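Colleague: Using UniProt numbering, read the sequence shown as starting at 1 and increasing by one per residue. Glycine residues also receive a C-beta, built at the ideal position from the N, C-alpha and C atoms. If you're wondering where the values come from, they're calculated on a predicted model, not measured in any experiment.
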Amino acid sequence: MESLQIRKIDSIFDIENAYPAFLELRPHLTDKKVFVQMVLQQISEGYCIHAICLDKETIACIGFRFFHMLAWGKILYIDDLITKRDFHGHGYGDKLLKHVIQIAKEENCDQVHLDTGYLRHAAHFVYLRNAFELNCHHLALNLRSKPN
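(1) Roughly how many whole angstroms lie between the Cα atoms of Ile59 and Gln111?
(2) Measure how close the beta-carbons of Ala51 and Ile9 come, nearest whole angstrom, since I'm counting them as under 8 angstroms.
(3) So what does DSSP say about Met1, is it helix, strand or coil?
(4) What is the DSSP secondary structure of Asn135, reduced to helix, strand or coil?
(5) Check the C-beta distance from Phe66 over to Glu107 and give it rounded, since I have them as a contact under 8 angstroms.
(6) Please return the same chain residues whose Cβ sits closer than 6 angstroms to the Cβ of Ile62, not counting the five positions on each side in sequence.
(7) Rounding to the nearest angstrom, what Cα-Cα distance links Asp83 and Thr116 in this structure?
(8) In the DSSP assignment, find the beta strand (DSSP E) that holds Ala71 and state where it starts and stops.
(9) Give the range of the beta strand (DSSP E) segment to which Leu54 is assigned.
(10) Can you give the Cα-Cα distance for His113 and Ala123, rounded to whole angstroms?
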């Protein structure tokens, strides 16, 4: 077994290799080619993916970007944090979270932000254990849904 490593994911090969992990968090992304194109588009807009790979398998990923906001200053925003189900409970999510928090400090960010679903209790525990605070409501208006 290879040793645990965190590395940046930016090649098409690496993005394709990360697809099974992302599919567990984002099951609506059923077409791998579309997923790769979406990730490449997001990378061109500043999105970064870092991943933990074990025996050449991507087992955990974190996707993030930087923003400047009037309310919070410079922030690192976490879009995605995924550990494949078979690898839950080994601290990989914690390791990736600590990794990007360190990046945020190195990039002189004021805060780290993320949104998480109401029912993702295991994820909430990871965030709270890492000193995140529940301090906002995130609201969304779906512009693609049909009116009633």
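Modeller: According to the data block:
(1) The sequence position of residue 59 within the sequence shown is 59, counting from 1. The sequence position of residue 111 within the sequence shown is 111, counting from 1. Rounded to the nearest angstrom, the two C-alpha atoms are 27 angstroms apart.
(2) Counting from 1 along the sequence shown, the entry for residue 51 is found at position 51. Counting from 1 along the sequence shown, the entry for residue 9 is found at position 9. That pair is a contact at about 5 angstroms.
(3) Taking the first residue of the sequence shown as position 1, residue 1 is located at position 1. Reliability fails at Met1, whose pLDDT of 38 lies under 50, so the model's placement of it is uncertain and no value is given.
(4) Taking the sequence shown and counting its residues from 1, the one referred to as residue 135 is at position 135. Three-state DSSP puts Asn135 in coil, outside helix and strand.
(5) As a first step, residue 66 must be located in the sequence shown, where it is residue number 66. As a first step, residue 107 must be located in the sequence shown, where it is residue number 107. Contact between Phe66 and Glu107 holds, with the beta-carbon distance rounding to 7 angstroms and staying under 8 angstroms.
(6) Here residue 62 refers to the residue found at position 62 when the sequence shown is read from its first residue. The answer, listed in chain order, is His50, Leu81, Leu96, Val100.
(7) One-based indexing of the sequence shown puts residue 83 at position 83. One-based indexing of the sequence shown puts residue 116 at position 116. According to the sequence as given, residue 83 is Thr; it is not Asp. Cα to Cα, the separation comes out at about 14 angstroms.
(8) Within the sequence shown, the letter at position 71 stands for residue 71. No beta strand (DSSP E) contains Ala71, which DSSP labels as neither H nor E.
(9) Within the sequence shown, the letter at position 54 stands for residue 54. In this chain, the beta strand (DSSP E) harbouring Leu54 covers 48-54.
(10) Here residue 113 refers to the residue found at position 113 of the sequence shown. Here residue 123 refers to the residue found at position 123 of the sequence shown. One C-alpha to the other measures close to 14 angstroms.
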